[in-house]
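One structure is given here, and the rest of the page talks about it.
There are 2 protein chains.
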Amino acid sequence: MTTARSRKSGGARDERAERGIPEATVARLPVYLRALTALAERDVITASSEDLASAAGVNSAKLRKDLSYLGTYGTRGVGYDVNYLRYQIAREIGLTQDWPVVIVGIGNLGHALANYSGFASRGFQVAALLDSDPDRVGEGVGGLHISSLDDLDDIVRTCSVSIGVIATPAKAAQDVCDRLVTAGVSSILNFAPAVLSVPDHVDVRKVDLSIELQILAYHEQRKAHELAGIEARAI
Amino acid sequence: MTTARSRKSGGARDERAERGIPEATVARLPVYLRALTALAERDVITASSEDLASAAGVNSAKLRKDLSYLGTYGTRGVGYDVNYLRYQIAREIGLTQDWPVVIVGIGNLGHALANYSGFASRGFQVAALLDSDPDRVGEGVGGLHISSLDDLDDIVRTCSVSIGVIATPAKAAQDVCDRLVTAGVSSILNFAPAVLSVPDHVDVRKVDLSIELQILAYHEQRKAHELAGIEARAI
DNA sequence: GCGATTTTGTTCTCCCGTTCACAAACTCCT
DNA sequence: AGGAGTTTGTGAACGGGAGAACAAAATCGC
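Protein chains in written order, with this note's numbering: chain A, 876 to 1110; chain B, 876 to 1110.
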């Protein structure tokens, strides 16, 4: 079997991908991408939806439906060409280009993020590290040196940064957020435990470590209660 | 107005909280809790659903519905007693007790997590730091010293740990996960970019930094395309 | 005490996402 | 070439969550 293949529709473009992949699907595409990369590294040429689904930890029907939003990239009776699909998903997500990001707040977490190799390997490059503490400016972290928050505008303009990462304490988060937005950043990944308010055109995603633990604690507590209930009933 | 108040139903217990708060609601309770804590620190006694909702960044109808799953803790015409509601939510999530957690994989991220003060302040205490690298065992990080992965079983048993955090490279994640499960951990927070397979009784939540960035990149790309489309049409 | 006002708790409707199930499409073997 | 066997793509049914809207309940002013 060849890796190259011709697109089904001879028309100008596939209408399916035009405007609007469901949010839930978008959130899973990176997972599929990772699964495909793992398969490619093991020199797997073709994979069925069942194979891919189990590698990605989802149901195969869901995977097929997700992929159908992008276009018809599979072959019935065969499956999906790993490298071809990988490219199509990467293109859809926008990983055929490199995205410069700035990280604001170089504390423990910012440090870890600056050194995280997973960013670079997936098309994100750290354009700058920023901190408001003047004593820290100039310090070297992971091959970069820390810049002053005052240089934000210059950096964003010069490097065409559109994505910012906030790793500051909660109290500083909204202020930093405002400055990022003013500088022209339109996507923000927020690690600070704070609710950010932004204009409509700005996207915010939040990652909150302690919230995740609290959700686990809730379920853990329920397991314990349930067990106690069963035991009580058994007596 | 007094802070203390009597429960509405004189019966044995409120049936509402019995079994089953929607997952989406559970995920928001920690956010409400944080908003309430912030209000309490400013000595606010009472807050309406509107106040709380805006502090938590959600719609007030949604907040009221969420809270109604826990019980009827508000007072019509008045609002919610901040401290009382705070306690009720904390109890519901299971934060009236302390949860010991173990962190496995003390690299950049594990380091940051070990030093993160947000855990301790929300009822989670780090019981142990574990790493498979023998050269690292004994090293001190954030007031604790790193233990060997081989001590996992002892630690989990001795400290009654039910929550584990995985901050290892992807390749080690499944193995570490299996060891955690075998040792008796039944909730896992996974920072490694890998799909974990676990028995039914174990809960897993994943936090994936690069996936979050990829989702932002997708939307960022769409914004750019949309803009280009509008410009093209305008010509 | 009573009407006006405020704010909760809940019902109803709508929408998004998941899953099932099957026809269409492709390969392989004889 | 044709039938058997696979696997995709998708229509349809289903379930859960979001938001609007309103009745019930509490406070406040007179």
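Virtual Cβ for every residue (Gly too), placed ideally from N, Cα, C.
Taking the C-beta atoms as reference points, residue 922 of chain B is found nearer than 8 Å to residue 957 of chain B.
In this structure residue 1096 of chain B is buried. Its beta-carbon is surrounded by 16 or more other beta-carbon atoms within 10 angstroms. Contact check for residue 1037 of chain B against residue 1030 of chain B fails: the beta carbons are separated by 8 Å or more. When B/1101, B/1103, B/1098 and B/1083 are compared, the shortest CA-CA separation from residue 902 of chain A is found for B/1083. One alpha carbon belongs to residue 972 of chain A, the other to residue 1043 of chain A, and they sit about 28 Å apart. For residue 1065 of chain A, the enclosing beta strand (DSSP E) starts and ends at 1062 to 1065. Rounded to the nearest angstrom, the Cβ distance from residue 955 of chain B to residue 927 of chain B is 7 Å, consistent with a contact under 8 Å. Residues of the stretch 960 to 988 of chain A that bring their beta carbon within less than 9 Å of a beta carbon in chain B comprise 967, 968, 969, 970, 972, 974, 976, 982, 983, 984, 985, 986, 987 and 988, in sequence order. In this structure residue 906 of chain A touches residue 1086 of chain B by the C-beta definition: roughly 7 Å separates them, less than 8 Å. Distance from the CA of residue 1024 of chain A to the CA of residue 1005 of chain A, rounded to the nearest whole angstrom, comes to 5 Å. Not a single C-beta of chain A is nearer than 8 Å to the C-beta of residue 1036 of chain B. Think of a sphere of 7 Å around the beta carbon of residue 1047 of chain A: no beta carbon from chain B falls inside it, the nearest being about 14 Å out. The beta-carbon of residue 1098 of chain A is placed less than 8 Å from the nearest beta-carbon of chain B. Annotation: residue 920 of chain A has no Cβ neighbours in chain B at a cutoff of 9 Å; minimum Cβ distance is about 21 Å. The C-beta distance from residue 1098 of chain B to residue 1061 of chain A rounds to 7 Å, short enough to meet the 8 Å contact threshold. Not a single C-beta of chain A is nearer than 8 Å to the C-beta of residue 916 of chain B. Sixteen is the threshold: since fewer than 16 other Cβ atoms of the shown chains lie within 10 Å of the Cβ of residue 917 of chain B, the residue is exposed. Residues of chain B with a Cβ closer than 7 Å to the Cβ of residue 1068 of chain A are, in chain order, 909 and 993.
If you draw a straight line from the Cα of residue 1019 of chain A to the Cα of residue 999 of chain A, it is about 15 Å long.
Residue 1062 of chain B has a beta carbon lying within less than 8 Å of a beta carbon in chain A. Look at the stretch 1074 to 1092 of chain B: the residues with a C-beta under 8 Å from a C-beta of chain A are 1076, 1078, 1080, 1082, 1083, 1084, 1085, 1086, 1087, 1088, 1089, 1090, 1091 and 1092. As computed with DSSP, residue 1020 of chain B is found in a beta bridge with B/1015. The beta carbon of residue 982 of chain B sits closer than 7 Å to the beta carbons of 1042 from its chain, once the five residues preceding and following it are set aside; these are given in chain order.
Closest by C-alpha distance to residue 1066 of chain A, out of A/1052, A/1057 and A/1056, is A/1052. Proximity of chain A to residue 905 of chain B at the Cβ level (cut-off 8 Å) is accounted for by 1083, 1085, 1086, 1089 and 1090, in chain order. For the options B/1100, B/1102 and B/1094, the alpha carbon positioned closest to that of residue 899 of chain A is the one of B/1094. Here residue 948 of chain A carries a coil assignment [DSSP, helix/strand/coil].
By the Cβ neighbour-count rule, residue 1068 of chain B is buried, with 16 or more other Cβ atoms within 10 Å of its own. Exposure of residue 1010 of chain B is indicated by the presence of fewer than 16 other C-beta atoms within 10 angstroms of its C-beta.
Under the Cβ criterion of 8 Å, residue 1095 of chain B is counted among the residues facing chain A.
Within the stretch 1039 to 1107 of chain B, the complete alpha helix (DSSP H) segments at least 4 residues long are 1045 to 1058, listed from N- to C-terminus. Counting along the chain, residue 911 of chain B sits inside the alpha helix (DSSP H) bounded by residues 898 to 916. Taking residue 1063 of chain A as reference, the option from B/1055, B/1090, B/1046 and B/1064 with the minimal CA-CA separation is B/1090. When the five nearest sequence neighbours on each side are left out, the beta carbons in the same chain lying within less than 7 Å of the beta carbon of residue 988 of chain B are those of 978, 1040 and 1042, in order along the chain. Ranked by Cα distance from residue 925 of chain B, the options B/945, B/951 and B/946 are led by B/951. Excluding the 5 residues flanking it on each side, residue 912 of chain B has same chain C-beta neighbours closer than 8 Å at 961, in chain order.
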